[in-house]
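Chains as they are written, first to last, in the numbering used here: chain R, 1 to 218; chain Y, 219 to 893.
Ideal Cβ placement from N, Cα and C applies to all residues, glycine included.
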């Protein structure tokens with residue numbers, strides 16, 4: 001046992017030691033988090049609290065939007081909103097929307113609240129990730145979600161538009177592999193941050209060494 | 219992709235040669251290699267020998283690589299490997315290879331106005347013709363004059379393959395990564411705690427200094443996916459000075475800084491000043507300070523003539539290339555004028571600079587300048603105000619950026635034990651360069667740009683962030699340079715400060731730039747309009763005879779579609795389509811009496827009033843074989859439907875985009891219209 005500790009200490013003293021430990025920890029953390037999310041969602045799905053749900057325009061409270069057809073909405077100003085006032089009875093992980101716009105949709109985001117009666121705020125909103133076919137997916141934090149407000153577009157002044165909603169889905173199905181796929185930005189972060197962590201630890205260790213050296217009697 | 223692999227392999231061999239045979243540190247070799255390639259291809263292009271020049275370059279890389287593989291170095295084996303694989307060179311090659319694979323998969327396209335009006339189109343023209351864009355046939359009525367450094371670098375990466383915009387982005391990014399590697403410079407592996415945050419800072423710089431709004435609108439951040447020259451100009455400016463600092467500490471051949479300085483002056487005409495600042499800093503460092511040897515005045519005098527000669531060479535490198543390019547352009551402009559095109563260009567930046575100095579000294583200047591003196595005063599005042607109040611970066615206005623850079627330089631001076639005077643001189647001179655650059659920009663607004671551009675300080679941020687980027691990178695480079703060689707408590711705290719700065723910059727970039735709206739996660743859907751446009755151009759070209767010329771109609775256009783289709787149609791030439799007096803190159807055609815009101819901004823401003831017969835003659839006189847109708851409206855139908863054999867029925871029905879010009883008549887051509 002003592003030998004193993006000595007080996008570990010020797011590894012940390014090598015230039016690559018800390019970096020290797022940080023990268024291994026990040027990879028392990030990422031995999032464990034994936035396992036946790038997959039397990040938790042699977043369990044919720046079995047219990048029935050997490051289920052895929054197709055929505056229609058009629059399911060939402062429309063603000064600054066006028067319904068002009070079964071699936072078509074016309075914006076009345078630059079701040080259209082589609083609100084689901086109470087979704088607290090179920091777990092919501094994501095909202096996916098596919099829609100066509102007659103003009104530039106500009107900003108799209110999804111607000112959420114985590115307690116009943118809470119106001120929507122800029123601190124609690126997520127932005128869409130657009131797939132190559134134009135489908136937008138909003139991934140919510142893994143917390144209790146009480147209400148949702150979708151801002152499907154933010155037309156510019158004098159550029160009001162018509163949007164045709166093709167589909168809106170809550171908790172669109174996700175493959176098991178998707179829980180472990182970090183995405184391009186995630187992969188970049190998995191390379192960057194362990195390196196930064198190792199650098200910080202290295203600097204801290206260096207400082208400590210210098211301070212201890214300074215205290216030694218001459 | 220094979221062309222990209224060949225280019226990277228050639229660059230690797232060249233870098234190996236520079237490191238092994240010229241003792242250039244491995245982290246600096248990519249910047250030297252790319253600069254040599256750009257210099258050689260610029261000269262070959264000007265001589266009309268771009269393709270053979272590229273072939274010679276590839277062969278030279280191969281030969282150099284072979285020589286380096288054979289040459290045994292003192293301390294070969296493990297030591298040789300250590301000299302090739304350093305934090306800087308590793309960062310460069312890892313990022314370059316990762317981006318090559320990533321862009322090959324994602325294939326981003328050009329999307330911004332100036333990419334179609336110059337940068338992207340010039341790159342495509344150069345690649346498909348295997349000749350500089352200055353000589354390629356295109357519908358522009360003017361002679362392209364912009365410097366070719368970046369364009370030929372883009373060509374270097376696709377000499378042996380077909381043209382693709384992502385390869386241009388890759389070439390630009392590889393150049394940026396080479397400069398980042400130069401900033402990290404000779405940092406050793408045992409100091410990776412300094413190299414990693416320094417690399418993270420470099421990575422953030424192009425965003426940090428150019429973005430001041432959240433990128434939550436549908437428009438994505440095009441940083442690392444752009445063919446504009448502004449960011450590379452700034453990064454190469456900082457990279458060139460960083461290159462010199464680390465080169466001087468090593469035993470590398472000093473002449474290798476010359477092509478880097480030449481590239482710095484060969485990126486954009488209006489950032490040429492930056493190359494003079496970089497060359498001035500290198501020259502001053504070379505003349506004023508002695509590395510090693512005897513101290514004091516006697517030591518300074520030793521080898522002064524040689525150092526002075528080298529300093530002159532540093533100043534001459536960018537200047538000679540710039541003047542050579544200008545004389546080449548002057549010859550082409552004269553030829554263009556003789557062929558009926560525009561025979562004039564705006565005032566040269568060197569002439570403007572000389573006149574600016576005369577104005578400062580109170581000496582008389584010509585009428586052109588005297589008449590525009592009020593503009594100079596206005597631009598100067600507005601720029602001063604913008605320095606304090608206009609947000610141009612993630613940190614706010616220019617004053618904040620200048621303060622941050624000054625803080626880093628001050629820290630460097632404090633930490634640079636034994637080299638304080640040297641670092642102090644570098645700081646003061648680079649600050650002087652900043653003032654000079656501002657003065658040049660004010661002169662440009664007053665004497666080169668249009669009056670409206672001067673009044674609104676158009677693109678102020680884009681012109682100025684170039685200097686901030688270079689200046690900041692220079693400051694980071696000198697800080698890393700100073701911290702790399704010190705082991706005591708204060709430098710260790712300095713390393714902590716660099717780490718903290720990196721975290722703050724990463725946090726701020728993450729705050730304003732959503733990953734899904736950036737190079738790290740953009741949706742391919744963002745480029746769907748460009749893809750559709752390219753498909754429409756390809757479908758139209760498929761029904762045209764080879765070598766045809768196209769008359770372009772896009773009602774309501776402000777020039778964007780004319781430029782972008784000029785790019786999409788290449789090698790088929792889209793005609794200027796209209797004449798200079800009546801505003802050609804995109805716009806709205808119609809009878810004079812049908813001109814819409816000012817509320818219809820684009821149609822009103824870019825209106826080409828022609829009677830039906832005038833328009834018919836315009837098309838016939840243009841020598842075009844086909845008319846491409848990108849967008850028609852009621853004004854066009856009412857004005858010219860009678861000139862078309864079917865009264866524009868096929869175009870209105872969406873059955874075609876192309877009409878053939880035949881015996882003075884315009885007849886529809888059957889085609890599949892992409893939707």
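Beta-bridge pairing by DSSP links residue 165/R to 99/R. Interface annotation, residue 206/R: in contact with chain Y, CB-CB separation under 9 angstroms. Shown here, residue 172/R sits in coil according to DSSP, grouped into three states, outside any helix or strand.
Per DSSP, residue 752/Y lies in no beta strand (DSSP E) segment; the continuous alpha helix (DSSP H) that holds it begins and ends at 746–760. Nearest to residue 852/Y by alpha-carbon distance, out of 831/Y, 789/Y and 812/Y, is 812/Y.
Within chain Y, the residues placing a beta-carbon under 7 angstroms from that of residue 188/R are 738, ordered along the chain.
Chain R has a Cβ within less than 9 angstroms of the Cβ of residue 418/Y. By the beta-carbon neighbour count (other beta carbons within 10 angstroms, threshold 16), residue 829/Y is exposed. Residue 500/Y sits close to residue 532/Y, with the two beta carbons spaced by under 9 angstroms. Residues of chain Y whose Cβ lies closer than 7 angstroms to the Cβ of residue 195/R are, in chain order, 414. Residue 402/Y holds the alpha-carbon nearest to the alpha-carbon of residue 701/Y among 317/Y, 402/Y, 543/Y and 279/Y.
Residue 477/Y sits in a helix when the DSSP states are folded into three classes. The residue from 835/Y, 427/Y, 783/Y and 439/Y with its alpha-carbon nearest to that of residue 619/Y is 427/Y. Taking 8 angstroms as the cut-off between beta carbons, the residues of the region 119–131 of chain R near chain Y are 127, 128, 129, 130 and 131, in sequence order. Residues of chain Y whose Cβ lies closer than 7 angstroms to the Cβ of residue 185/R are, in chain order, 733, 738 and 739. Proximity of residue 78/R to chain Y, defined by a Cβ-Cβ separation below 9 angstroms, is not satisfied. Chain Y has no Cβ within less than 9 angstroms of the Cβ of residue 20/R. An exposed status is given to residue 764/Y, since fewer than 16 other beta-carbon atoms sit within 10 Å of its beta-carbon. Following the DSSP letters along the chain, one finds residue 884/Y inside the beta strand (DSSP E) bounded by residues 883–886. In this structure residue 337/Y is not in contact with residue 442/Y, their Cβ atoms being roughly 15 angstroms apart against a cut-off of 8 angstroms. Residues of the region 740–757 of chain Y whose Cβ lies closer than 9 angstroms to any Cβ of chain R, in chain order: 740, 741, 742, 743, 744 and 746. Comparing C-alpha distances from residue 14/R to each of 199/R, 213/R and 211/R shows the shortest one belongs to 199/R. Closest by C-alpha distance to residue 496/Y, out of 689/Y, 246/Y, 387/Y and 573/Y, is 689/Y.
The C-alpha of residue 794/Y is placed about 34 angstroms away from the C-alpha of residue 157/R. For residue 320/Y, the nearest beta carbon of chain R is closer than 9 angstroms to its own beta carbon. The beta-bridge partner set that DSSP reports for residue 825/Y consists of 806/Y.
The alpha-carbon separation between residue 268/Y and residue 220/Y amounts to approximately 20 angstroms. When CB distances to chain R are screened at a threshold of 8 angstroms, the residues of the region 710–730 of chain Y falling below it are 710, 711, 713, 714, 717, 720, 721 and 724, in chain order. Rounded to whole angstroms, residue 687/Y and residue 481/Y show a C-alpha spacing of 17 angstroms.
The three-state secondary structure of residue 146/R, taken from DSSP, is coil.
Residue 171/R and residue 131/R have their C-alpha atoms some 16 angstroms from each other. Leaving aside the five residues that flank residue 365/Y on each side, the residues in its chain whose CB is nearer than 7 angstroms to its CB run, in chain order, 484, 485, 486, 487 and 543.
Per DSSP, residue 588/Y is one residue of the alpha helix (DSSP H) stretching across 585–589. For residue 133/R, the neighbours in chain Y by C-beta distance under 8 angstroms run, in chain order, 743.
Sequence-distant partners of residue 57/R (beyond 5 residues in either direction) whose C-beta falls short of 7 angstroms from its own C-beta, in its chain, are 67, 71, 73 and 165. Taking C-beta separations shorter than 8 angstroms and ignoring five residues to either side along the sequence, the partners of residue 848/Y in its chain run 754, 770, 771, 772, 775, 779, 783 and 875, following chain order.
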